[in-house]
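Here is the structure we will look at.
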Amino acid sequence: MNRLCKYIELYSEGTSYEKITIQPVRAKGLTAIDIFHFGWNIWKHFTVSKQDEIAIFLKKIFADHLRGVEPETIKRHLKDDELKGIVKIQENLQEHN
């Protein structure tokens with residue numbers, strides 16, 4: 022969890038993840054849709070990059086879980102089925118602090 026928080030912090034600062042070594046995070050109990058929603062939520066909250074970048078970020082962070090899923094596919098499905106899964110789409114994370 023600490024690693025994931027650090028990666029989110031680096032993402033929020035606009036740090037290029039190509040400059041850091043990323044050790045993938047296990048997403049036990051989560052589906053791909055949960056990871057996509059997670060990506061949408063942090064992308065929308067921080068707005069430091071384009072959706073292409075958050076897709077690559079997710080692909081690197083959750084490499085084991087998203088093996089075989091192309092970044093373009095991740096990008097296209099970030100906000101799919103908003104009410105499905107454990108992680109729901111949050112239009113405003115500020116409301117959930």
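Per the numbering used here, residue 22 is the first one in the sequence shown, and the count goes up by one each step.
By construction, the Cβ of each residue, glycine as well, lies at the ideal position given by its N, Cα and C atoms.
> When the Cα of Asp102 is compared with those of Thr68, Thr52 and His66, which residue comes out closest?
Replying inline: By one-based count along the sequence shown, residue 102 stands at place 81. Residue Thr52 is the option with its Cα nearest to Asp102.
>> One question on the structure: do Ile43 and Lys81 come within less than 8 angstroms of each other, judged by their Cβ atoms?
In response: Here residue 43 refers to the residue found at position 22 when the sequence shown is read from its first residue. Here residue 81 refers to the residue found at position 60 when the sequence shown is read from its first residue. The criterion of a C-beta distance shorter than 8 angstroms is satisfied by Ile43 and Lys81.
> Apart from the five residues on each side of it in sequence, which residues of its chain come closer than 6 angstroms, Cβ to Cβ, to Ser70?
Replying inline: In the sequence shown, the residue the question calls residue 70 occupies position 49. Counting only Cβ-Cβ distances below 6 angstroms, and skipping sequence neighbours, we find nothing.
>> How far does the alpha helix (DSSP H) with Ala76 in it extend, from its first residue to its last?
In response: The count along the sequence shown starts at 1 and reaches residue 76 at position 55. Where Ala76 is concerned, the enclosing alpha helix (DSSP H) stretches over Gln72 to Ile82.
>> I'd like the span of the alpha helix (DSSP H) that includes Ser33, first residue to last.
In response: Against the sequence shown, residue 33 aligns to sequence position 12. Per DSSP, the continuous alpha helix (DSSP H) segment holding Ser33 begins and ends at Asn23 to Ser33.
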